[in-house]
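Inspection log for the structure reproduced underneath, given as structure tokens.
Chains as they are written, first to last, in my numbering: chain A, 3 to 412; chain B, 3 to 412.
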């Protein structure tokens, strides 16, 4: 019998009423004659309450105890969903992460999955039950409850699918799938029927909130297909898989953007005192995510480093840099707010160096200033003023003909 | 090193702020040089939310899933308390029931503890940590999360104390200890320094909300001392133990009461159709607690059964009896509302048959009507009109000289 893993989170499980809707949906799914695992995350309101309680008690919570605390959220959702499935006439059992056999390392708050012991889940498949698993969590070898960090629930779903040798993972989300650009800012944006893991990774890294890159990386490693589809509408989603048929001819597959980013620049008096590694180590220790990094030289001898961070992490980043100024040895720090990042993504880009040039030329013709540039094998990102973001995204969507229907043989 | 188990619940852990107060208290306790286990229950607001969520989903939740759901409440409290202890400079680790080694049978919602595997707790004693355990829960042999039912958190505490060979269990509550009567209705009520398990069992069964009889029974079986003391004030509490010194001379140790009870009477046409066992089986199946039971005969041949239930369970009891009327074979059901129960308790009562007589005589002199009577080895209960409850309790407190200071050699 086929096995499918599906994942629900966020607004899809925000209230008991919504959970009942999910129950009806998964009962229908199972009725197709499959083994079904449903991975759920915490209700947003509960997660917020738990964090608030902890914040009222301590500013520096121990990671082990935060894991024990936060993990209860998804346990609640999983038992509520099991109750809802039973109420709707289905058969279900809920499991916490450890009951589902999700074994992780000991890295609290950001644990990695070592393996999944699927014995218990398979037993319950035998009973005809839908197995509801609390996402985002596992258990360490020492028997401590761990949580998986960002993208944890999707990662739970993908890991379970791999261990169970499932057909695919269905990620139910608030969007219909992956689009060539955000339909809210690019009117001609089009849903992609298929996308490769690598392209999805770039989209994910570029601020598309649908799938965390971590879960995509895991799926890529084991070639596990993921479908991103709407929780609200019964329409086809986007299939994320290894090879994407008939689409290599398209150089650029989509445009992504990220608003409200801030550029920080650190200057040193000389090369002797400059240490890139140390700056980013200190920021990483405080869990501040740095995105684009550009190193430049002023006056021929005075090095500077510029990097972008999100608005949310700006205050903390400044605080961290200020308190480490002496040990890091920099002479000044400077910042520019009101920026946005716009990127083009496409796996065929690697073999076509002209893409970046075409991008810059078009932005130049449109008089959109480019503040920073970052490139990878399959994407080019530019930092532009926030007020030019929407125009830049639309311009590039047009430049690379993304509204054009793809040729498909399926 | 001595081991002590302490238990906090209800208002003592109602908010993060309160939890910080508990943290300070237990750090002081541990500093006396003991191994300390702290058992906590769910925050009342969380338990209410969880029940509400489930109620919005189903009227008949499966017991396994309700256990999985409800157990998360105490897990939250235990990790929050561990965070608070750490923030206050102490060392702590939180455990869910299964992590604490609390093994139960498979009876969901009302599981019994089979044994406690203390290995992990003892390891953490070695680290100098205060071990915070989620009360009210355990794990079955099949690996399902179970909850212990009424009195579960105190029962967790007592079971852990027995397994750890602890000195005693301290139950922190909203009252200072066990009183000869409720100080709110009997002005001259006095706190008892000591009370026997058997007397406490009667008090517990008589509606004193401090300790569920189940935990007292377990403590009695293994002779584990329990101290009931105030969470708010630093005053001596009441020690519950096997033998109580120098107090056997007091016939009656206290007066208890329970308000808002209802008498139900069921009448049969003949003995042939009457089945006591069946009536109470049906009520038990619906988890309706029956207290005093009196069987009488009208007209010499028509049997009736009268019993008392709490106001909260009245509607459900009527519904159950109505729907089972045919199979139970009774001819009429009748009820009387506005009643209360007043009881006197004392372990020396068994050897003195005059106590009940003295009780009835005094109530007669005071013109307080007695509607039902129930006696045990160490208590006599009478059902009186609700409006006479306070006067009856005060009258009996006076009759048996309970305001008199006890002789103590300690």
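C-beta: ideal position from N, C-alpha, C; glycine also.
Within its own chain, the residues whose Cβ lies closer than 8 Å to the Cβ of residue 109(B), once the five positions on either side in sequence are excluded, are 148, listed in chain order. For residue 145(A), no alpha helix (DSSP H) segment is defined, and its DSSP state is neither H nor E. A residue is called buried once 16 or more other Cβ atoms fall within 10 Å of its Cβ, and residue 236(B), having fewer, is exposed. Proximity to residue 58(A) across 23(B), 393(B), 232(B) peaks at 23(B), based on C-alpha coordinates. Separation of the CB atoms of residue 358(B) and residue 382(B) is rounded to 5 Å, and the pair is thereby assigned contact status at 8 Å. Contact annotation: residue 212(A) and residue 197(A) have beta-carbon atoms that are not nearer than 8 Å. Within the DSSP bridge table, the entry for residue 297(B) names 307(B) as partners. The Cβ atoms of residue 221(A) and residue 199(A) sit closer than 8 Å to each other.
In the DSSP assignment, residue 196(B) falls within the unbroken beta strand (DSSP E) covering 196-198.
The beta carbon of residue 226(A) is closer than 8 Å to those of 160, 163, 164, 168, 170, 171, 220 in its chain, skipping five residues each way along the sequence. Look at residue 22(A): its C-beta is under 8 Å from a C-beta on chain B.
Between residue 255(B) and residue 347(B), the C-beta spacing is below 8 Å. By the Cβ-count criterion, residue 403(A) is exposed, with fewer than 16 other Cβ atoms from all chains shown falling within 10 Å of its own Cβ. Residue 396(A) carries a helical assignment under DSSP once its states are collapsed to helix, strand and coil. Inclusion of residue 21(B) and residue 83(B) in the CB contact set at 8 Å is warranted, their separation being smaller than that value.
Counting the other Cβ atoms within 10 Å of the Cβ of residue 17(B) gives fewer than 16, which makes it exposed. Listed along chain A are 18, 82, each with a C-beta nearer than 7 Å to that of residue 55(B). Our two residues, residue 223(B) and residue 244(B), have alpha carbons roughly 10 Å apart in a direct line. Listed along chain B, the residues sitting closer than 7 Å to residue 59(A) by beta-carbon distance are 18, 21, 22, 82, 85, 86, 89. Note on geometry: alpha-carbon atoms of residue 7(B) and residue 76(B) lie some 16 Å from one another.
Leaving aside the five residues that flank residue 397(B) on each side, the residues in its chain whose CB is nearer than 8 Å to its CB run, in chain order, 364, 365, 368, 370. Under DSSP, residue 243(B) forms a beta bridge with 198(B). Counted as a single uninterrupted DSSP element, the alpha helix (DSSP H) harbouring residue 55(A) occupies residues 46-59.
Look at the region 94-109 of chain A: the residues with a C-beta under 7 Å from a C-beta of chain B are 96, 101. Only buried fits residue 42(A), as 16 or more other CB atoms lie within 10 angstroms of its CB.
Buried is the label assigned to residue 92(A), since at least 16 other Cβ atoms lie within 10 Å of its Cβ. Against chain A, a Cβ distance below 7 Å from residue 35(B) picks out nothing, because the smallest value is about 24 Å. Between residue 329(B) and residue 309(B), the alpha-carbon positions lie close to 19 Å from each other. In the three-state reduction of the DSSP assignment, residue 263(A) falls in the strand class, which pools E and B. Around the beta-carbon of residue 9(A), 16 or more other beta-carbon atoms lie within 10 Å, marking it buried. Between residue 94(B) and residue 104(B), the beta carbon gap of about 18 Å keeps them out of contact (Cβ cut-off 8 Å). When secondary structure is reduced to three states using DSSP, residue 364(B) falls in the helix class. The beta carbon of residue 14(B) does not come within 8 Å of any beta carbon belonging to chain A, so the residue lies off that interface. Annotated as distal: residue 174(A) and residue 155(A), with beta-carbon spacing of 8 Å or more.
Contact check for residue 339(A) against residue 290(A) fails: the beta carbons are separated by 8 Å or more.
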